[in-house]
Every structure is written in C-alpha cells, then in structure tokens.
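Written below as structure tokens is the structure these notes are about.
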Amino acid sequence: MSIGATALIPDDLLAMPNGKSFELVDEEPLELKMGRESGWIAGVIFGQFLRHGQATGLGRVFPEGTGFICFPDDPSRVRKSHTSFALRARQQGGPAREGYGKFTPDLIVEVVSPRNWMWKVESKVQDWLSVGAKIVWVVMPPTLSVRVCRQNPTGDVSVQRLTGDQELQELIPGFRMRVSECFVTTSI
C-alpha cells in the first residue's frame, strides 16, 4: 500500500461512483479491464450456464462483475470472476440482495483479455482454488483454448488444456459445452 494512503474496505468499492469494476487485493483497488471480445466470451459462457442452471435448478450463475468475499486469511479481499457457477448446496441462505457473495463459487471462469497480465490471472486462479473453488476455467481467446485448473489433494494445481470439440463437462451434472462454443461469434 502507498505511504499515507487510507486502507480500503469492501464497502468502499460498493460506494465508488464512476461505474468501473474493481477488486480489492491487499487493501488496494485493482481495476478489472475487460475488452469487447473477452466480455462477449464471458457473456456466451454465462448464457450457457444460465440456461442449464434454470433448467435443472442445480445452482446459480453469476455474471461478470459479481464480487465475492471468501478469503478467511484476508477478510477484506474482494475477487470478481468473469462468470461463475455455484451449486445450490454452496450458497448458504441464498443470494444476498446487496453487497458481495460470502461463499466460494464451485466453478470460476476467467477470460484473458489483451490488457491482462498472465501472472495476475494465475494469481487469481490460485486465490480461487485456495478457498475451495473446485475448478477454474482460464479462457484464452488468442489460442481458442481453455485451461482447466484444479487443486490436487497435495495442494498442487493441475492444468489441462482443451481446444476445439473437446468438452467442458466437469462438475455441473448434465452440463456440456464444447470449447469451440466459447468462441462463437455473430455478425452484426
């Protein structure tokens, strides 16, 4: 933190008037910088999760910008995913009307945009897995691939790279999506 700067708390982010999306890490605001392509891809995946979640009632899907406070070692840390899915059992008391989710989603989606630093994405993956996220998908538009990250019982992170017609089907019962479907475009 900067010398003389005031430490921020999660409620400070909620009160920011400029409409930008921030996370809070080590009491410092980190602006999320999504591009048009990464925002589109996050929306496509959100739509797939939403349809499946509504049809099955298995859980809830959270769109880009939903913040979560789920870090016991740093209770002021706020992380936001581009999309996430939480099985019903994970959400104690249902969704909050205001503020941040106080639970860890089961599946997190992070879409890499040109303005992301890969080390920052990897730091977020580690944060999510360390608090119990079962799987983190890191969607890589330049290579049309998805890295499926999970924490092994030993604490190591395993990464599987999927492309093309390989299916992203783990964790959510009955959910199926080919990697290529993440990158579908429409002409406008």
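Numbering (our numbering), first residue to last: 166 to 353.
The C-beta atom is built at its ideal place from N, Cα and C for all residues, glycine as well.
Would residue i and residue j be called neighbours here (beta carbons separated by less than 9 Å)?
i	j	result
I210	M342	yes
A298	I273	yes
G224	L252	yes
F268	R280	no
R326	R312	yes
C235	V301	no
On a Cα-Cα basis, can you pick out the residue from the options that is closest to residue i?
i	options	result
V190	K285, D321 and S345	K285
T319	L294, E335, V301 and P307	L294
S240	E229, G266 and G230	In the sequence as presented, Ser is not what sits at residue 240; that position holds Pro. For P240, the nearest C-alpha among the options comes from G266.
V349	G200, E193, F187 and A207	A207
Count the other CB atoms, across all protein chains shown, that sit within 10 Å of the CB of residue i; report buried if there are 16 or more and exposed otherwise.
i	result
K289	buried
W282	exposed
G218	buried
E263	exposed
A172	exposed
L309	exposed
D292	buried
P307	exposed
Any idea which residues DSSP pairs residue i with across the strands?
i	result
Q219	The partner list for Q219 (beta bridge, DSSP) is empty, contrary to what the question assumes.
Q325	V313
M342	Per DSSP, none; premise fails for M342.
I300	L272
Could you pull out every unbroken beta strand (DSSP E) segment of at least 3 residues lying fully inside the region 244-293, listed in chain order?
If only complete runs of 3 or more residues are kept, the region 244-293 shows the beta strand (DSSP E) at 248-252 and 272-276, in order along the chain.
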